[in-house]
Amino acid sequence: MSRNNTRIILLCLTGFVLLLCAACRGARSNAILASHLVDGHWQVAAVDPEAGLVKQVTSSPSDKRLPLVSADRRHALYRSNEGGLWEVPLKGGKAEMLLDGEVITDFDVAGGLMVVSKIRPTPISNSDVWLIENGKITACLADNVAREEDMAISPDGARMVYSHRATGKPQDLWLYEFSSKKRTKLTSETRWATCPCWSPDGKKIAFASNLAGNFDIYVMQIESRKSRRLTTGPAFDSFPAWSPDGRTIAFVSDRSGVLKIWLMAADGAEKRCLTTEGGEFRELSWR
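Residues 2 to 288 in our numbering are what the sequence shown lists, from first letter to last.
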């Protein structure tokens with residue numbers, strides 16, 4: 002075989018491998034999942050983080066909320082007001098129920114773990130955080146006379162941030178360590194803190210708080226507990242979500258008059274509106 006023919010064969014093989022890798026990457030989604038209000042119902046939508054194009058993942062006459070990108074980035078998980086937690090392929094297909102029969106208010110899946118918050122049947126409707134193993138609710142991780150939800154498991158599955166709200170008090174954030182079961186308070190009860198999410202490196206959390214009067218996005222260094230405010234002004238800013246590379250934070254804001262998805266650099270710079278389609282957006286997931 003001549004040297005030129007060998008080169009041609011190698012170039013063809015290289016091109017085939019590159020196409021195969023591109024196809025594998027394409028099988029995984031980099032989309033931002035969001036709750037999107039469509040025709041009076043909340044549905045799961047996948048939003049292109051570059052162009053802002055919106056693709057409906059679910060569509061039915063019932064609310065689908067709290068969308069979450071699966072660990073393999075090929076599925077969307079969500080809570081249905083028809084009951085239970087569900088999973089549906091992002092490319093489209095039949096939805097399957099993951100957990101049935103409980104009154105779920107919130108959930109998270111990360112680091113090989115799954116946690117849910119479910120209503121306790123009491124007059125004041127408290128909720129507790131539970132660990133899910135093999136599709137069944139097992140250990141109770143946070144059991145207090147309070148409403149506990151907004152769970153966010155760290156990327157390595159070692160820790161979890163969650164919200165705690167006792168009757169008559171504002172909502173604050175706590176850190177829970179799975180191995181030691183140690184709990185540490187992160188924010189003050191003087192104002193509300195909600196919607197925590199971890200940075201991809203597990204060193205920081207972004208969250209929303211009305212510490213300055215209206216809800217803004219903050220970032221906290223977990224080790225030092227020091228926080229930095231990233232958004233300012235009279236707008237409502239909440240539901241932060243880190244990009245997979247940690248360089249960008251998506252959030253929901255009504256600074257344009259309607260709740261849309263916005264993007265900013267991880268340091269709070271370069272804010273821009275991502276979505277232009279009609280309808281409101283709420284809870285986000287991006288990983």
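Each residue gets a CB set at the ideal place from its N, CA and C atoms; glycine is no exception.
| query | result |
| --- | --- |
| Taking the beta strand (DSSP E) that Val39 belongs to, which residues open and close that run? | Ile33 to Val39 |
| Using a 10 Å radius around the Cβ and a threshold of 16 neighbouring Cβ atoms, would you call Asp73 buried or exposed? | exposed |
| Keeping to the same chain, check which residues put their C-beta closer than 7 Å to that of Lys65; ignore five residues upstream and five downstream. | Trp43, Gln44, Val45, Thr59, Tyr79 and Ser81 |
| Can you name, in chain order, every residue of its own chain whose Cβ lies under 6 Å from the Cβ of Val55, other than the five neighbours on each side? | Ala46, Val48 and Glu278 |
| Round the Cβ separation of Glu149 and Val130 to the nearest angstrom and send it over; I've been treating them as touching at under 8 Å. | 5 Å |
| Return yes when the Cβ of Trp287 is within less than 9 Å of the Cβ of Ile33, no when it is not. | yes |
| Among Thr249, Lys186, Trp243 and Val259, which one has its Cα closest to the Cα of Lys227? | Lys186 |
| Roughly how many angstroms separate the alpha carbons of Asp109 and Met152, rounded to a whole number? | 6 Å |
| Got a sec? Which residues, its chain only, sit under 6 Å from Gln222 by beta carbon, not counting five neighbours each side? | Lys205 |
| So the candidates are Gly136, Leu67 and Gly94; which of them puts its Cα closest to the Cα of Thr106? | Leu67 |
| As a quick exercise: from Trp175, Ala213 and Ala159, pick the residue whose alpha carbon is nearest that of Arg289. | Nothing can be reported for residue 289, as the shown portion of the chain is limited to 2 through 288. |
| With a CB to CB cut of under 8 Å and the five nearest residues on each side skipped, what residues in its chain are close to Ser30? | Ala47, Val70, Arg74, Arg75 and Leu91 |
| Is the Cβ-Cβ distance between Lys182 and Leu132 less than 9 Å? | no |
| Drop a sphere of 10 angstroms on the beta-carbon of Ala207, count the other beta-carbons inside from all chains shown, and report buried for 16 or more, exposed for fewer. | buried |
| Using the rule of at least 16 other Cβ atoms within 10 Å of the residue's Cβ for burial, across every protein chain shown, is Pro241 buried or exposed? | buried |
| Thr233: which of Ser180, Lys272, Met98 and Ala52 sits nearest, CA to CA? | Lys272 |
| Report all residues from its chain with a CB closer than 6 Å to the CB of Glu289; omit the five preceding and five following residues, and keep chain order. | As shown, the chain starts at 2 and ends at 288. That puts residue 289 outside it, with no answer to give. |
| Helix or strand or just coil, what does DSSP make of Gly16? | No answer about Gly16 holds up, because its pLDDT of 41 lies below 50 and its placement is not dependable. |
| Closest to Phe216 by C-alpha separation, out of Val253, Glu224 and Gly85, would be which residue? | Val253 |
| Mark Cys22 as exposed unless 16 or more other C-beta atoms lie within 10 angstroms of its C-beta, in which case mark it buried. | Interpretation of Cys22 is limited by its pLDDT of 40, a score under 50 that renders its predicted location unreliable; the figure taken from the coordinates is listed afterwards. When all chains shown are included, Cys22 counts as exposed. |
| I'd like the list of long-range same chain contacts for Ser128, defined as Cβ closer than 7 Å, with 5 residues on each side in sequence excluded. | Thr106, Ser118, Lys119, Ile120, Arg121, Arg148, Glu149 and Glu150 |
| Are there 16 or more other CB atoms within 10 angstroms of the CB of Pro197, so buried, or fewer, so exposed? | buried |
| Nearest to Ser36 by CA position, among Leu114, Gly158, Ala266 and Gln57, is which residue? | Gln57 |
| Relative to the C-alpha of Ile218, which candidate in Ser61, Ala96 and Trp243 has its C-alpha closest? | Trp243 |
| Per DSSP, which residues does Val259 bridge with? Please list them. | According to DSSP, which records beta bridges pairwise, Val259 is partnered with nothing at all. |
| So Ser210 and Ala236 are supposed to be a Cβ contact under 8 Å. How far apart are they, rounded? | Not confirmed; about 14 Å, so no contact. |
| Taking just the CA atoms, how far does Asp238 sit from Thr168? | 25 Å |
| Under 8 Å Cβ to Cβ from Gly247, same chain only, skipping five residues before and after it: list those, please. | Ser200, Pro201, Asp202 and Ala267 |
| What's the gap between the Cα of Ala230 and the Cα of Arg283? | In the sequence on display, residue 230 carries Arg and not Ala. Whole-angstrom Cα-Cα distance: 20 Å. |
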